[in-house]
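**Q**
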Amino acid sequence: EQNGDCIQNLSITDSTLGIPDSQFLTEGEGCSLTFTRESGPPLNAVGFTSGDLVVVSSEDGRYIALTTGFIRNITSSCVEVVVDRDYLHDTSHFENLKFRLDRNDGLSTSGYLYTNMSRLMESSAKMKRLRELVIKKSQPHFELKLSKSLVERVKPIFKLLNKPQRSAILKVLMAKDYVLIKGYPGS
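Numbering (this note's numbering), first residue to last: 26 to 212.
#1: Between the Cα of Ser83 and those of Thr92, Phe124, Cys103, Asp130, spot the shortest distance and give me the residue it belongs to.
#2: For Asn34 and Val79, which I take to be in contact (beta-carbon distance under 8 Å), what is that distance rounded to the nearest angstrom?
#3: Below 8 Å on the Cβ atoms is my guess for Thr116 versus Ile37; work out the distance and round it to an integer in Å.
#4: Would Phe60 pass as a contact of Asp77 if the rule is Cβ separation under 9 Å?
#5: DSSP three-state call for Val204: helix, strand or coil?
#6: Can you tell me whether DSSP reads Leu68 as helix, strand or coil?
#7: Using only the alpha-carbon positions, how far apart do Ser47 and Asp202 sit?
#8: Roughly how many angstroms separate the alpha carbons of Gln27 and Arg144, rounded to a whole number?
#9: Measuring CB to CB, does Ile32 end up less than 9 Å from Leu122?
#10: Where DSSP assigns a beta bridge to Ile95, which residues make up the other side?
#11: Taking the continuous alpha helix (DSSP H) assigned at Phe73, which residues delimit it?
#12: Check whether the Cβ atoms of Ala200 and His166 lie closer than 9 Å to each other.
#13: Rounded to whole angstroms, how far is the Cβ of Leu68 from the Cβ of Ile99, which I believe are closer than 8 Å?
#14: If distances are taken between C-alpha atoms only, which option among Pro189, Leu198, Tyr88, Leu205 comes closest to Val179?
#15: Using the beta-carbon count (16 or more within 10 Å), is Asp39 buried or exposed?
Shown next, in the form of structure tokens:
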């Protein structure tokens with residue numbers, strides 16, 4: 026904290042669901058967490074400002090990189106962070122925990138790696154499918170045919186492409202999961 030890279034000993038005092046600023050972070054409604062602390066220097070004197078990217082972790086090490094987000098507002102007494110996980114709106118299981126906000130300076134990607142790894146372990150159908158693809162190396166699924174309206178929309182583009190390029194575009198349009206394209210751009 027003395028170096029201005031983190032804010033320690035924080036408690037979650039409020040959460041808000043439905044934050045429009047979070048559209049680039051999450052697929053859901055977005056969630057804002059408000060942190061305060063009982064003692065210490067003013068929070069806005071530590072060196073953080075609105076817009077700073079942060080990684081949220083628990084002080085005791087139980088939750089490392091629980092979530093990432095950006096500081097929406099910071100005052101002397103509280104920090105509001107828009108986070109990438111809607112389910113954190115329910116803060117009941119974090120009532121007695123102390124948290125820290127670490128600056129995510131972009132030079133270290135470990136916060137994002139931890140966050141993405143923990144998101145991969147969520148119990149949703151989407152994450153289950155992603156685990157099958159990434160961990161079990163399941164084959165991707167593809168649509169058997171394209172809709173007529175989609176074919177009509179891509180026809181003008183196809184006129185400018187060679188046969189392998191058209192084939193690659195069709196494969197991408199039919200993909201349900203992912204596509205890997207081998208080759209050089211434009212070939």
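Built from N, CA and C at the ideal position, the CB exists for glycine as well. The model shown is predicted, which means the values in this text are computed figures rather than measured ones.
**A** From the atom records:
#1: Phe124
#2: Under the criterion of beta carbons closer than 8 Å, Asn34 and Val79 do not qualify as touching, at roughly 15 Å.
#3: 5 Å
#4: no
#5: coil
#6: DSSP places Leu68 in helix when its eight states are reduced to three.
#7: For Ser47, the pLDDT reaches just 48, beneath the cut-off of 50, and the residue's location in the model is therefore unreliable, although a value from the coordinates is still provided. Between the alpha carbons of Ser47 and Asp202 lies a gap of roughly 25 Å.
#8: 31 Å
#9: no
#10: Residue identity differs from the one stated: residue 95 is Phe in this sequence, not Ile. Answer is Leu78, Val107, bridged to Phe95.
#11: Here Phe73 belongs to no alpha helix (DSSP H), and DSSP marks it neither H nor E.
#12: In terms of Cβ geometry, Ala200 and His166 form a close pair [threshold 9 Å].
#13: 6 Å
#14: Leu198
#15: exposed
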